[in-house]
Amino acid sequence: MKAKTGLTSNKVKANANGKANGRLMELRLYVAGQTPKSLTALANLKKICAEHLEGRYKLHVIDLLKTPQLAQNDQILAIPTLVRKLPEPIRKIIGDLSDQNRVLVGLNLLETEGGK
Amino acid sequence: MRKNRNGNGSASAERLEKAPTGIAGFDEVTSGGVPKGRPTIVCGGPGCGKTMFAVEFLVRGATEYNEPGVLMTFEETSEEMAKNVASLGFDLKGLAERKKVVLEYVRIEPAEIHETGEYDLEGLFIRLQHAVDRIGAKRVVLDTVEAIFSGFGNTGLLRAEIRRLFRWLKDRRLTTVVTAEKGDGSLTRYGLEEYVSDCVIFLDHRVTDQISTRRMRVVKYRGASHVADEVPFLIDERGFSVLPSTSMKLNHVVSNERVSSGVADLDEMLEGKGFYRGSTVLVSGTAGTGKSTLAAHFAQQMCRDGERCLYVALEESPAQATRNMKSVGVDLEKYVRKGLLRFEAWRPTQSGLEMHLLQIHKLVEQHKPTAVVIDPITNLLLGNRNELHSMLMRLIDFLKTKQITGFFTALTSGRNKEIEESDVGISSLIDTWIFARDVELNGERNRCIYVLKSRGMAHSNQVREFFMSKEGIRLLPVYVGSGAVLTGSARLSQEARERAENVLRQQTMVEQRRVLEGKRKALEAQIEAMRSEFAQEEARVALVTKQEEQRERDLSQDMLEMVSFRGGARQGKAGVRNGRVGDGHEG
Numbered sequence: 014m015k016a017k018t019g020l021t022s023n024k025v026k027a028n029a030n031g032k033a034n035g036r037l038m039e040l041r042l043y044v045a046g047q048t049p050k051s052l053t054a055l056a057n058l059k060k061i062c063a064e065h066l067e068g069r070y071k072l073h074v075i076d077l078l079k080t081p082q083l084a085q086n087d088q089i090l091a092i093p094t095l096v097r098k099l100p101e102p103i104r105k106i107i108g109d110l111s112d113q114n115r116v117l118v119g120l121n122l123l124e125t126e127g128g129k
Numbered sequence: 021m022r023k024n025r026n027g028n029g030s031a032s033a034e035r036l037e038k039a040p041t042g043i044a045g046f047d048e049v050t051s052g053g054v055p056k057g058r059p060t061i062v063c064g065g066p067g068c069g070k071t072m073f074a075v076e077f078l079v080r081g082a083t084e085y086n087e088p089g090v091l092m093t094f095e096e097t098s099e100e101m102a103k104n105v106a107s108l109g110f111d112l113k114g115l116a117e118r119k120k121v122v123l124e125y126v127r128i129e130p131a132e133i134h135e136t137g138e139y140d141l142e143g144l145f146i147r148l149q150h151a152v153d154r155i156g157a158k159r160v161v162l163d164t165v166e167a168i169f170s171g172f173g174n175t176g177l178l179r180a181e182i183r184r185l186f187r188w189l190k191d192r193r194l195t196t197v198v199t200a201e202k203g204d205g206s207l208t209r210y211g212l213e214e215y216v217s218d219c220v221i222f223l224d225h226r227v228t229d230q231i232s233t234r235r236m237r238v239v240k241y242r243g244a245s246h247v248a249d250e251v252p253f254l255i256d257e258r259g260f261s262v263l264p265s266t267s268m269k270l271n272h273v274v275s276n277e278r279v280s281s282g283v284a285d286l287d288e289m290l291e292g293k294g295f296y297r298g299s300t301v302l303v304s305g306t307a308g309t310g311k312s313t314l315a316a317h318f319a320q321q322m323c324r325d326g327e328r329c330l331y332v333a334l335e336e337s338p339a340q341a342t343r344n345m346k347s348v349g350v351d352l353e354k355y356v357r358k359g360l361l362r363f364e365a366w367r368p369t370q371s372g373l374e375m376h377l378l379q380i381h382k383l384v385e386q387h388k389p390t391a392v393v394i395d396p397i398t399n400l401l402l403g404n405r406n407e408l409h410s411m412l413m414r415l416i417d418f419l420k421t422k423q424i425t426g427f428f429t430a431l432t433s434g435r436n437k438e439i440e441e442s443d444v445g446i447s448s449l450i451d452t453w454i455f456a457r458d459v460e461l462n463g464e465r466n467r468c469i470y471v472l473k474s475r476g477m478a479h480s481n482q483v484r485e486f487f488m489s490k491e492g493i494r495l496l497p498v499y500v501g502s503g504a505v506l507t508g509s510a511r512l513s514q515e516a517r518e519r520a521e522n523v524l525r526q527q528t529m530v531e532q533r534r535v536l537e538g539k540r541k542a543l544e545a546q547i548e549a550m551r552s553e554f555a556q557e558e559a560r561v562a563l564v565t566k567q568e569e570q571r572e573r574d575l576s577q578d579m580l581e582m583v584s585f586r587g588g589a590r591q592g593k594a595g596v597r598n599g600r601v602g603d604g605h606e607g
């Protein structure tokens, strides 16, 4: 439920406890209004974060309908786009994040599928 | 010029509103520009100039038509783009600062992107909308939007999004130029032309014989008439320019004014007045027949008459040409200094045909001459006659609309009748065609010149001998007799022989006249003698007659006296008086 309200606030911050392989992951989710795809993406992301990044991530949800000027910096084209700002290199995951495995690979959390 | 273009645009505005691109020549070809408020595709292979076209459309829109624009690039960053077009004199950065242009670079990095489910390209729309809103843009350039196909995998979705994008642009009445890469056997690699049905422009860049030629073709222009031919264009330091194609109508203003050819004898062959102003003169001939000399004389004459002249030399450098012309009494340097003559020289192989044409266009615009000399025009094109023909047509058309007299020389190969025939292709373009050829006879080579045709005047049909000296050109009447045309020393010797014969004939005549005179005199003397003899005879006869009359009178008197002597007193008186005379006759 908190996730849904998160779309209207700009920033959702999970409790950052700093566990295991320690590095803080900075994530941005770009959406354009409360479209079904955006809502699905955010829900999926929350789930993944809870399962794999508990306590070591920071998430901003950016609604480009409100702040279109932010699209250029992260070179956003597709909506929704999840950007892993940190750790570098920057990675972009587009779509509603329904393919959890691919999201994990994209975030470099799943070593077995060729993520480095 | 610009106003004219706008005027043309508004003439067809009822059917389809057009947005002038401001690109030189393009708005003429399309009679007004690209469709206003709609997308246009500009496609072609790599390096064909589509980006230049798009950028110029945008920059001219922002600077000349007060239509701010968004330049959305997908392959080059804004900085790269600004740098690339700075060489064409476009200050994108400055325009961006003045809020005339928004530069939006869309970077697509396939390696960074992972697709994990459903998505759309709303981000692109949002960015475009945002950029448009920032400056109130009326124009948009997308260069090259197909790049998204390399970044995302879902082609079906991308196609739908592109269709939506074009719809979106149309709904917002944004005049858009979309560039696209040429595909194999199709206009664009991803078939974008199916989404844009209004206007498709194809640019081509080919290299023939190491010389590059750029061409443009309006493939499709819905609801508007346009030139469907391939039209040459080029990109130089002033941007993109499409060479105005030949107008379909032949409606040049025609002048009855005449301009001297600079050679009195040649003028004489042309009704004694020279060429028509604004006509096209071609002097063709084999090497060394004096074509350049004629051209220089013409240029000199124009300047002497206070007119401006452009001389394009393609064989010699200006310095060499002026030096050489001095040897035949033509001082071009003087007029160059005066600013009346513009002498330009460049190597014909230096660039493609279009570049030459454009260069001439530019020089004409700058110098504003009333006559243009190109020496020799054949050097512009090494080999391809078709292209020369089309280029000549364009050039002549351009000069004619400006009422500029064109004087071209053409080098022909070969040395007989075939020369004329091989040039028939360009004959129709030429108003006055002068032909120079050489005649070899008795171990010497002499130049001959004649007027092959000259429209609208009773030109001479004579072949003249072309004679150059320090005093300039003389066109001497050649010796025509006993079925042969003689020139040079043959002519001279023939003339000498003729002179000798003349003298002889004259001497005989004088002699004959003298003899005749003598005869006449003798005759006259005879007549005189006879006449005096006759007069004597006449006098004698007169005297005899007189005496006879007297005697008769005396006789009758005597008889009367005799009567009176015998009779009447009245008669007595007269008888006394006459009696004395009568005494003489008594004896």
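One line per chain: the protein sequences are A and B, in this order. Numbered by our numbering, the letters in the first sequence go through residues 14 to 129 in order. Numbered by our numbering, the letters in the second sequence go through residues 21 to 607 in order. Built from N, CA and C at the ideal position, the CB exists for glycine as well.
Consult DSSP for residue 611(B) and reduce its assignment to one of helix, strand or coil.
Limits of chain B in this structure are 21 at one end and 607 at the other, which puts residue 611(B) out of reach.
Does residue 110(A) pass the burial test, meaning 16 or more other C-beta atoms within 10 Å, or should it be called exposed?
buried
Does DSSP classify residue 150(B) as helix, strand or coil?
helix
Cβ-based contacts, 7 angstroms cut-off: residues of the stretch 37 to 71 of chain A near chain B
43, 45, 50
So if DSSP puts residue 365(B) in a beta bridge, which residue, or which two residues, is it bridged to?
333(B)
Let me see if you follow: with CB-CB separation under 9 angstroms, is residue 74(A) close to chain B or not?
no
How big is the Cα-Cα spacing for residue 610(B) and residue 291(B)?
The structure shown has nothing for residue 610(B), since chain B only spans 21 to 607.
Quick check on residue 522(B): does DSSP put it in helix, strand or coil?
helix
According to the neighbour-count rule (16 or more other Cβ atoms, all chains shown, within 10 Å of its Cβ), is residue 168(B) buried or exposed?
buried
Thinking residue 467(B) and residue 282(B) are a contact (beta carbons under 8 angstroms), I'd like their distance in whole angstroms, please.
Not quite, the Cβ-Cβ distance comes to about 17 angstroms (not below 8 angstroms), so this is no contact.
Starting from the C-beta of residue 313(B), find all residues in its chain whose C-beta is less than 8 angstroms away, skip the five residues before and the five after it, and write them out in chain order.
345, 348, 350, 488, 493
Confirm, please, whether the CB-CB distance from residue 296(B) to residue 275(B) is below 9 angstroms.
yes
Once you ignore the five residues that flank residue 441(B) on each side, which residues in its own chain have a CB closer than 6 angstroms to its CB?
For residue 441(B), the predicted structure reports a pLDDT of 48, less than 50, and the residue's modelled location is therefore unreliable. A value from the coordinates is still provided. Closer than 6 angstroms at Cβ, skipping near neighbours: no residue.
Enclosing alpha helix (DSSP H) for residue 357(B) [first to last residue]:
353 to 358
Let me know the secondary structure DSSP gives residue 19(A) once reduced to three states.
Low local confidence applies: a pLDDT of 42 at residue 19(A) is under 50, so the model's placement there is unreliable, with the coordinate-based value given in what follows. Correct three-state label for residue 19(A): helix.
Checking 9 angstroms against the spacing of the C-beta atoms, do residue 95(A) and residue 103(A) come in under that value?
no
Give the list of continuous alpha helix (DSSP H) stretches no shorter than 4 residues that lie fully inside the stretch 99 to 157 of chain B.
112 to 117, 142 to 155
Does the distance from the C-beta atom of residue 141(B) to that of residue 54(A) stay below 9 angstroms?
no
Would you give the residue range spanned by the beta strand (DSSP E) that residue 466(B) belongs to?
464 to 474
Just tell me which of 298(B), 174(B), 518(B), 305(B) has its CA closest to the CA of residue 451(B).
298(B)
Who are the neighbours of residue 93(A) on chain B, taking C-beta pairs under 8 angstroms?
139
Run the CB neighbour count on residue 114(B), radius 10 Å, all protein chains shown included, and call it buried at 16 or more, exposed below.
exposed
Is there a Cβ from chain B that is less than 9 angstroms from the Cβ of residue 102(A)?
yes
Determine the extent of the alpha helix (DSSP H) in which residue 182(B) is found, giving its start and end residues.
175 to 191
Taking a contact to mean a Cβ-Cβ separation below 9 angstroms, would you say residue 67(B) touches residue 259(B) in this structure?
no
Just checking my contact of residue 411(B) with residue 378(B) at CB under 8 angstroms: how many whole Å lie between their CB atoms?
Contact doesn't hold; Cβ gap of about 11 angstroms is too wide.
Between the C-alpha atoms of residue 575(B) and residue 562(B), what's the straight-line distance to the nearest angstrom?
20 angstroms
Three-state class that DSSP yields for residue 170(B) in the structure shown
helix
Buried or exposed: where does residue 50(A) fall if 16 or more other Cβ atoms within 10 Å of its Cβ makes it buried?
buried
Where does residue 81(B) fall in DSSP's three states?
helix
From 491(B), 354(B), 366(B), 398(B), residue whose alpha carbon lies closest to that of residue 305(B):
398(B)
Under a Cβ-count criterion, where at least 16 other Cβ atoms within 10 Å of its own Cβ denotes burial, should residue 57(A) be classed as buried or exposed?
buried
Is it true that the stretch 194 to 203 of chain B meets the stretch 60 to 80 of chain B, where meeting means three or more beta-carbon pairs spaced less than 8 angstroms apart?
yes
Less than 8 angstroms between C-beta atoms, sequence neighbours within five positions excluded: which residues of the same chain meet that for residue 154(B)?
119, 122
In the DSSP output, what is residue 39(B) paired with across the bridge?
54(B)
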